[in-house]
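Going down the list, the sequences are from chains A and B.
All the letters of the first sequence, read from the start, carry residue numbers 364 to 764 under this note's numbering.
All the letters of the second sequence, read from the start, carry residue numbers 27 to 106 under this note's numbering.
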Amino acid sequence: MSVRFCAMRASASGAEWEDADVIYLDNAATSFPKPPRVQEEQNRCMRLYCGNPGRGSHRLAMQAAEKIFECRGELASLFGSRHPENVVFTMNATMALNTAIKGLLQQGDHVLISDLEHNAVWRPVCRLAREGRITYDVFPSYALFPDRTPEQICRGIEARVRPNTRMLVCTHASNICPVTMPLREIGELCRRLGLLFVVDASQSAGHIPVDMEEMRIDALCAPGHKGLFGVQGSGFVLLGEDLYADTLLEGGSGVNSLDEAMPDEAPERYEAGTLPTPAIAGLCEGVRAIKEIGLDAIAEREHMLCGQLLERLSSLRGIQISVPHARGPVVLFHSPRLPADRIGAELDRRGICVRTGFHCAALAHRTLRSPADGAVRVSPGYYNTKADIDALWRALREILE
Amino acid sequence: MGNEPERKSCMAVVGSLTQAMKAQSALTAAAIFSRVEKAESSATRRGCAYGVSFPCAQEANVREVLRNAGIRIRGGMGGR
């Protein structure tokens, strides 16, 4: 679906507004557009009940708190948790991952991360290692191998486990290619080895079923603004039972105000400061929209679009698709004829939004052996159409040929 | 109306506002009416706190429901 919108454009005579038709194919960065009910609930929140949740007991503060609790419940049930109080809201997935990684690791621990991790995992782990607090190893995803198996990946993990290994952090779905990790098998292995299992579900939440209990996940981290149809500023970490982490931030929590320490219990322990109630109200509706549409229907549509995209791209000369054997809502390619950023700029000139470069995923691009100038990522979403893919194909043909 | 006996309400103070809301959900599921409230400052020496108020006659049931839901009662319960 192309989206008609009003954009501010710089021109020789200064900034001016113009109407434009845009085809948005960057849903791995943030989903767009959002379902109307998300916008409506945010608007309703700001008009009618946007008190400060958990700060005071007047009706608007309580109404805001009720909406936030509703959202905790929707998220917990979507991800197979019986504990809405274990949904800890954060600004985004990066903050969620930092909360889990820094809060759960202790001096001297060893950590395993996959070779597909986003910088939101790689950088906090590298920092802790640089400071001498932990050590880490990277295990292979075998993303480039069409016949990769969960057993092969688990063997790679076991070979790297040390006596002091305490945690394994793994993305569920890569943010740069259509490769997923076998969470069920990895979770089983982590449980057997006594490792904490932290999952980055940034690209899978709202696309692929995730079940905390079945997959034996200890901490599930995700943004609200991608597959869950919420807005930017809403993310969360869903903690497993009986998990007690150190806090990333300290400050107002609305309870035990006379204590110098944060409260003991989740989620307030980990949620210092005022929560973004309008964003969480919108997220609540986003999750409900997903439940109504159904994850299967979303995945089916995205896979259909990506199948069409791969077919179209393979007909173009001068395009090399990374991981062509895998299917998922992210397609990565590059061209020896034009740098990735140039392709992105040319597409933007034609009203098509994709993301180019390294996508905050140095480790993953290294794994996929991307060229020095990075690559072009196309990520269709539920609201895209076959016509959008055809328009992209025509534009690329024009740019490259 | 004037002859109706006074129905005392009790309050279970829990660890946080979220715990209070979880408690209310559990009590509603058990057909026990409750209300989420901010506890009076005298109920805790640690500052702001929240809990659920309910008819005192239900105290034993409330204790059981909250225990089964894994919610720790941190204070309160007195009639008022």
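Quick reminder that beta carbons are idealized off the backbone N, C-alpha and C, glycines included.
Source: prediction; values computed, not measured.
For residue i, which of helix, strand or coil comes out of DSSP?
i	result
glutamate 548 of chain A	helix
lysine 34 of chain B	coil
glycine 519 of chain A	helix
cysteine 723 of chain A	coil
glutamine 683 of chain A	strand
threonine 82 of chain B	The residue you asked about is not threonine; residue 82 of chain B is cysteine in the sequence shown. Note: cysteine 82 of chain B maps to helix in three-state DSSP.
alanine 642 of chain A	helix
methionine 454 of chain A	coil
methionine 530 of chain A	strand
lysine 465 of chain A	helix
glycine 101 of chain B	strand
glycine 436 of chain A	helix
arginine 675 of chain A	helix
serine 477 of chain A	strand
leucine 441 of chain A	helix
glutamate 90 of chain B	helix
glutamate 66 of chain B	coil
valine 488 of chain A	helix
glycine 77 of chain B	strand
threonine 512 of chain A	coil
isoleucine 661 of chain A	helix
leucine 559 of chain A	strand
Could you tell me the alpha carbon to alpha carbon distance between residue i and residue j, rounded to whole angstroms?
i	j	result
aspartate 659 of chain A	leucine 558 of chain A	31 Å
leucine 710 of chain A	glutamine 671 of chain A	18 Å
phenylalanine 508 of chain A	alanine 754 of chain A	31 Å
lysine 749 of chain A	leucine 668 of chain A	6 Å
glutamate 551 of chain A	glutamine 84 of chain B	43 Å
lysine 770 of chain A	histidine 588 of chain A	What is shown of chain A runs 364 to 764, which leaves residue 770 of chain A out entirely.
valine 532 of chain A	isoleucine 58 of chain B	42 Å
isoleucine 520 of chain A	isoleucine 684 of chain A	28 Å
asparagine 461 of chain A	leucine 602 of chain A	13 Å
isoleucine 99 of chain B	valine 573 of chain A	33 Å
serine 620 of chain A	methionine 578 of chain A	37 Å
arginine 372 of chain A	arginine 712 of chain A	The predicted model places arginine 372 of chain A with a pLDDT of 46, which falls under 50 and marks its position as unreliable; any figure quoted below should be read in that light. Distance between the alpha carbons of arginine 372 of chain A and arginine 712 of chain A: 12 Å.
isoleucine 56 of chain B	glutamate 604 of chain A	Here the sequence assigns alanine to residue 56 of chain B, which means isoleucine is not the residue at that position. Whole-angstrom Cα-Cα distance: 23 Å.
serine 733 of chain A	tryptophan 756 of chain A	21 Å
serine 376 of chain A	aspartate 581 of chain A	In this prediction, serine 376 of chain A has a pLDDT of 46, which is less than 50 and means its spatial position is unreliable; what the coordinates show is noted afterwards. Their Cα atoms are separated by approximately 56 Å.
asparagine 747 of chain A	cysteine 553 of chain A	37 Å
serine 420 of chain A	threonine 719 of chain A	48 Å
threonine 640 of chain A	proline 416 of chain A	7 Å
isoleucine 706 of chain A	glutamine 469 of chain A	45 Å
leucine 92 of chain B	serine 79 of chain B	13 Å
methionine 625 of chain A	threonine 498 of chain A	28 Å
threonine 543 of chain A	alanine 536 of chain A	4 Å
cysteine 408 of chain A	glycine 645 of chain A	9 Å
alanine 52 of chain B	alanine 758 of chain A	56 Å
isoleucine 549 of chain A	alanine 424 of chain A	42 Å
glutamate 471 of chain A	alanine 492 of chain A	Correcting the residue identity first, residue 471 of chain A is glycine in this sequence and not glutamate. Each residue's Cα considered, the two are about 10 Å apart.
glutamate 634 of chain A	arginine 71 of chain B	22 Å
Can you check whether the CB of residue j is closer than 9 Å to the CB of residue i?
i	j	result
aspartate 389 of chain A	serine 742 of chain A	yes
arginine 773 of chain A	glycine 617 of chain A	Residue numbering for chain A in the displayed model covers 364 to 764; residue 773 of chain A lies beyond these limits and cannot be assessed.
tyrosine 333 of chain A	glutamine 426 of chain A	Residue 333 of chain A lies beyond the range of chain A shown here (364 to 764); nothing can be said about it.
leucine 661 of chain A	tyrosine 745 of chain A	Checking the sequence shown, residue 661 of chain A turns out to be isoleucine, not leucine. Closer than 9 Å, so yes.
proline 687 of chain A	serine 677 of chain A	yes
glutamate 628 of chain A	glutamine 45 of chain B	yes
leucine 695 of chain A	isoleucine 516 of chain A	no
valine 650 of chain A	glutamate 404 of chain A	no
isoleucine 431 of chain A	phenylalanine 452 of chain A	yes
histidine 473 of chain A	arginine 525 of chain A	yes
cysteine 723 of chain A	histidine 570 of chain A	no
proline 630 of chain A	valine 450 of chain A	yes
alanine 391 of chain A	arginine 740 of chain A	yes
lysine 34 of chain B	alanine 95 of chain B	no
alanine 38 of chain B	glycine 77 of chain B	yes
leucine 673 of chain A	isoleucine 762 of chain A	no
aspartate 736 of chain A	histidine 697 of chain A	yes
alanine 833 of chain A	alanine 703 of chain A	For chain A, the structure presents residues 364 to 764; residue 833 of chain A sits outside this window and is missing.
aspartate 563 of chain A	valine 484 of chain A	yes
phenylalanine 592 of chain A	lysine 397 of chain A	yes
Using only the heavy atoms of the ligand COA, determine whether one of them is closer than 8 Å to the beta carbon of residue i.
i	result
leucine 558 of chain A	The ligand COA is absent from the structure shown, which contains no ligands of any kind.
What are the complete alpha helix (DSSP H) segments, minimum 4 residues, inside the segment 686–764 of chain A? Those alpha helix (DSSP H) runs which fall completely within the segment 686–764 of chain A and span 4+ residues are 703–712, 725–730 and 749–763.
Check each residue of the segment 545–570 of chain A: if its Cβ is closer than 7 Å to any Cβ of chain B, include it; give the result in chain order. Contact annotation: in the segment 545–570 of chain A, no residue has its CB less than 7 Å from a CB in chain B.
Entirely within the segment 380–422 of chain A and at least 4 residues each: give me those alpha helix (DSSP H) ranges in chain order. Taking only runs of at least 4 residues, the alpha helix (DSSP H) segments lying wholly in the segment 380–422 of chain A are 399–407.
Near-chain A residues of the segment 34–53 of chain B (beta-carbon distance less than 7 Å), N- to C-terminal order: Residues passing the 7 Å Cβ filter: Gly41, Ser42, Leu43, Thr44, Gln45, Met47 and Lys48.
Which residues of the segment 602–627 of chain A have a Cβ closer than 8 Å to any Cβ of chain B? Give them in chain order. Residues passing the 8 Å Cβ filter: Ser616, Gly617, Val618, Asn619, Ser620, Leu621, Asp622, Pro626 and Asp627.
Ordered list of alpha helix (DSSP H) runs contained in the segment 579–657 of chain A, each at least 4 residues: You should have 640–656.
When Cβ atoms are compared, which residues of the segment 393–426 of chain A fall closer than 8 Å to chain B? The residues in question are Pro416, Gly417, Gly419, Ser420 and Met425.
Within 9 Å of chain B by C-beta, residues of the segment 488–521 of chain A in sequence order: Within the segment 488–521 of chain A, no residue has a Cβ lying closer than 9 Å to any Cβ of chain B.
In the segment 582–602 of chain A, which residues sit with their C-beta less than 8 Å from some C-beta in chain B, listed in chain order? Going along the segment 582–602 of chain A in chain order, one finds no residue with a Cβ nearer than 8 Å to chain B.
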